[in-house]
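The sequence shown maps to residues 1 to 144 in full-length UniProt numbering.
For glycine and all other residues, C-beta sits at the position ideal for the given N, C-alpha and C.
Bear in mind the structure is a predicted one, so any value in this text is a computation, not a measurement.
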Amino acid sequence: MSILNASLIKLNVQVADKWEAVRMAGQLLVDGGHVEEGYVAKMIEREQSLSTYMGSGLAIPHGTNEGKALIKSTALSMLQVPGGVDFGGDEPAVLIVGIAAQNGEHMDILTSVAMVCSEEENMERIRTAQSAEEIIAIFESEME
1 MSILNASLIK LNVQVADKWE AVRMAGQLLV DGGHVEEGYV AKMIEREQSL
51 STYMGSGLAI PHGTNEGKAL IKSTALSMLQ VPGGVDFGGD EPAVLIVGIA
101 AQNGEHMDIL TSVAMVCSEE ENMERIRTAQ SAEEIIAIFE SEME
(Lines of atoms letter the chains of each structure in order from A and count residues from 1; the text may use other names and numbers.)
(Lines give C-alpha, C1' and ligand atoms only; values in the text may rest on other atoms or scores of the structure.)
Protein backbone atom coordinates (compact mmCIF):
# COMPACT_ATOMS: atom_id res chain seq x y z
CA MET A 1 0.00 0.00 0.00
CA SER A 2 1.25 3.45 -0.90
CA ILE A 3 1.85 5.99 1.87
CA LEU A 4 0.45 8.61 -0.51
CA ASN A 5 -3.28 8.97 -0.85
CA ALA A 6 -5.30 11.67 -2.63
CA SER A 7 -7.53 12.12 0.43
CA LEU A 8 -4.45 13.26 2.40
CA ILE A 9 -3.53 16.01 -0.08
CA LYS A 10 -5.07 19.50 -0.07
CA LEU A 11 -4.47 21.90 -2.95
CA ASN A 12 -4.45 25.72 -2.98
CA VAL A 13 -4.42 25.99 0.79
CA GLN A 14 -4.21 29.37 2.49
CA VAL A 15 -3.07 29.42 6.11
CA ALA A 16 -2.57 32.28 8.55
CA ASP A 17 0.73 30.90 9.87
CA LYS A 18 2.86 27.80 10.25
CA TRP A 19 0.87 26.66 13.31
CA GLU A 20 -2.31 26.47 11.26
CA ALA A 21 -0.40 24.59 8.54
CA VAL A 22 1.00 22.06 11.05
CA ARG A 23 -2.45 21.54 12.60
CA MET A 24 -4.04 21.08 9.17
CA ALA A 25 -1.37 18.58 8.02
CA GLY A 26 -1.80 16.68 11.30
CA GLN A 27 -5.58 16.70 11.12
CA LEU A 28 -5.44 15.09 7.65
CA LEU A 29 -3.46 12.22 9.22
CA VAL A 30 -6.04 11.96 12.04
CA ASP A 31 -8.97 12.04 9.60
CA GLY A 32 -7.28 9.37 7.47
CA GLY A 33 -7.07 7.07 10.50
CA HIS A 34 -3.26 7.01 10.51
CA VAL A 35 -2.69 8.69 13.88
CA GLU A 36 -4.56 9.36 17.09
CA GLU A 37 -5.79 12.91 17.79
CA GLY A 38 -2.94 13.57 20.25
CA TYR A 39 -0.34 13.27 17.47
CA VAL A 40 -1.21 16.78 16.24
CA ALA A 41 -0.12 18.21 19.62
CA LYS A 42 3.17 16.29 19.28
CA MET A 43 3.67 17.85 15.83
CA ILE A 44 3.14 21.32 17.34
CA GLU A 45 5.54 20.44 20.16
CA ARG A 46 8.23 19.39 17.65
CA GLU A 47 7.78 22.62 15.68
CA GLN A 48 8.10 24.69 18.87
CA SER A 49 11.45 23.09 19.70
CA LEU A 50 12.86 22.96 16.16
CA SER A 51 11.58 24.33 12.86
CA THR A 52 10.81 21.58 10.35
CA TYR A 53 11.58 23.90 7.41
CA MET A 54 13.99 22.03 5.11
CA GLY A 55 14.72 24.68 2.48
CA SER A 56 13.59 24.98 -1.15
CA GLY A 57 10.02 25.81 -0.06
CA LEU A 58 9.55 22.54 1.85
CA ALA A 59 8.48 22.01 5.47
CA ILE A 60 8.09 18.51 6.93
CA PRO A 61 6.24 18.72 10.26
CA HIS A 62 6.23 15.50 12.28
CA GLY A 63 5.71 14.41 15.85
CA THR A 64 8.17 14.08 18.70
CA ASN A 65 9.65 10.73 19.73
CA GLU A 66 6.97 10.54 22.44
CA GLY A 67 4.35 10.87 19.69
CA LYS A 68 5.38 7.61 17.99
CA ALA A 69 3.00 5.60 20.19
CA LEU A 70 0.11 7.59 18.65
CA ILE A 71 0.87 6.43 15.09
CA LYS A 72 -1.41 3.67 13.76
CA SER A 73 0.05 3.42 10.24
CA THR A 74 2.66 5.12 8.08
CA ALA A 75 1.35 7.95 5.89
CA LEU A 76 2.09 11.37 4.45
CA SER A 77 -0.25 14.33 4.32
CA MET A 78 0.46 17.23 1.97
CA LEU A 79 -0.63 20.84 1.78
CA GLN A 80 0.08 22.79 -1.39
CA VAL A 81 0.35 26.45 -0.31
CA PRO A 82 1.01 28.42 -3.53
CA GLY A 83 1.20 31.72 -1.65
CA GLY A 84 3.66 30.24 0.83
CA VAL A 85 3.73 30.31 4.62
CA ASP A 86 6.61 31.48 6.81
CA PHE A 87 8.27 28.58 8.64
CA GLY A 88 11.25 30.71 9.64
CA GLY A 89 13.35 29.67 6.66
CA ASP A 90 15.02 31.68 3.92
CA GLU A 91 11.86 31.53 1.80
CA PRO A 92 8.22 30.66 2.43
CA ALA A 93 7.16 27.01 2.49
CA VAL A 94 4.90 26.15 -0.47
CA LEU A 95 4.69 22.43 0.34
CA ILE A 96 3.97 21.14 3.83
CA VAL A 97 4.38 17.39 4.21
CA GLY A 98 3.10 15.87 7.45
CA ILE A 99 4.79 12.59 8.33
CA ALA A 100 3.60 9.74 10.51
CA ALA A 101 5.98 6.80 10.28
CA GLN A 102 6.19 3.46 12.08
CA ASN A 103 8.95 0.87 12.41
CA GLY A 104 11.91 3.18 11.88
CA GLU A 105 10.70 4.26 8.43
CA HIS A 106 10.81 7.92 9.46
CA MET A 107 14.33 8.78 8.25
CA ASP A 108 13.96 6.92 4.95
CA ILE A 109 10.70 8.75 4.20
CA LEU A 110 12.13 12.10 5.28
CA THR A 111 15.15 11.55 3.02
CA SER A 112 13.00 10.47 0.05
CA VAL A 113 10.69 13.48 0.37
CA ALA A 114 13.66 15.85 0.73
CA MET A 115 15.32 14.35 -2.36
CA VAL A 116 12.20 14.78 -4.50
CA CYS A 117 11.79 18.35 -3.28
CA SER A 118 15.46 19.29 -3.70
CA GLU A 119 14.82 19.40 -7.46
CA GLU A 120 13.62 22.89 -8.37
CA GLU A 121 11.64 21.49 -11.30
CA ASN A 122 9.75 19.07 -9.02
CA MET A 123 8.90 21.85 -6.55
CA GLU A 124 7.54 24.03 -9.34
CA ARG A 125 5.43 21.12 -10.65
CA ILE A 126 4.14 20.47 -7.11
CA ARG A 127 3.43 24.17 -6.50
CA THR A 128 1.38 24.41 -9.70
CA ALA A 129 -0.23 20.93 -9.67
CA GLN A 130 -3.97 20.97 -10.35
CA SER A 131 -4.78 17.64 -8.71
CA ALA A 132 -3.68 15.41 -5.87
CA GLU A 133 -2.98 12.69 -8.44
CA GLU A 134 -0.44 14.96 -10.17
CA ILE A 135 1.44 15.40 -6.89
CA ILE A 136 1.32 11.66 -6.16
CA ALA A 137 2.71 10.93 -9.65
CA ILE A 138 5.69 13.27 -9.06
CA PHE A 139 6.56 11.56 -5.77
CA GLU A 140 5.98 8.01 -7.00
CA SER A 141 8.11 8.47 -10.12
CA GLU A 142 10.96 9.92 -8.05
CA MET A 143 10.75 7.58 -5.04
CA GLU A 144 10.87 4.29 -6.96
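Note to self: Give the list of continuous beta strand (DSSP E) stretches no shorter than 3 residues that lie fully inside the UniProt domain "PTS EIIA type-2" (2-142).
What the structure shows: 53-55, 75-85, 93-100
Check: Mind checking whether Ile109 and Ile99 have CB atoms under 8 Å apart?
Finding: Mapped onto the sequence shown, residue 109 falls at position 109. Mapped onto the sequence shown, residue 99 falls at position 99. Cβ distance < 8 Å, so Ile109 and Ile99 count as in contact.
Check: Where Ala16 and Gly104 are concerned, what is the direct C-alpha to C-alpha distance, given to the nearest angstrom?
Finding: As a first step, residue 16 must be located in the sequence shown, where it is residue number 16. As a first step, residue 104 must be located in the sequence shown, where it is residue number 104. Roughly 33 Å separates the two Cα atoms.
Note to self: Using 8 Å as the threshold, is the C-beta distance between Val30 and Ile44 below it?
What the structure shows: The residue labelled residue 30 in the question sits at position 30 within the sequence shown. The residue labelled residue 44 in the question sits at position 44 within the sequence shown. No, Cβ-Cβ distance for Val30 and Ile44 is not below 8 Å.
Next item on the list: Examine the Cβ distances between the region 54-68 and the region 131-139 and report whether three or more of them are shorter than 8 Å.
Entry: no
Notebook entry, point to check: With distances taken between CB atoms, is the gap from Leu70 to Gly32 smaller than 8 Å?
Noted result: Within the sequence shown, residue 70 is the residue found at index 70, counting from 1. Within the sequence shown, residue 32 is the residue found at index 32, counting from 1. Result no, Cβ atoms of Leu70 and Gly32 do not sit closer than 8 Å.
Notebook entry, point to check: Taking the C-alpha atoms as reference points, what is the distance between Pro82 and Arg127?
Noted result: Counting from one through the sequence shown, the residue named residue 82 turns up at place 82. Counting from one through the sequence shown, the residue named residue 127 turns up at place 127. Going from the Cα of Pro82 to the Cα of Arg127 covers about 6 Å.
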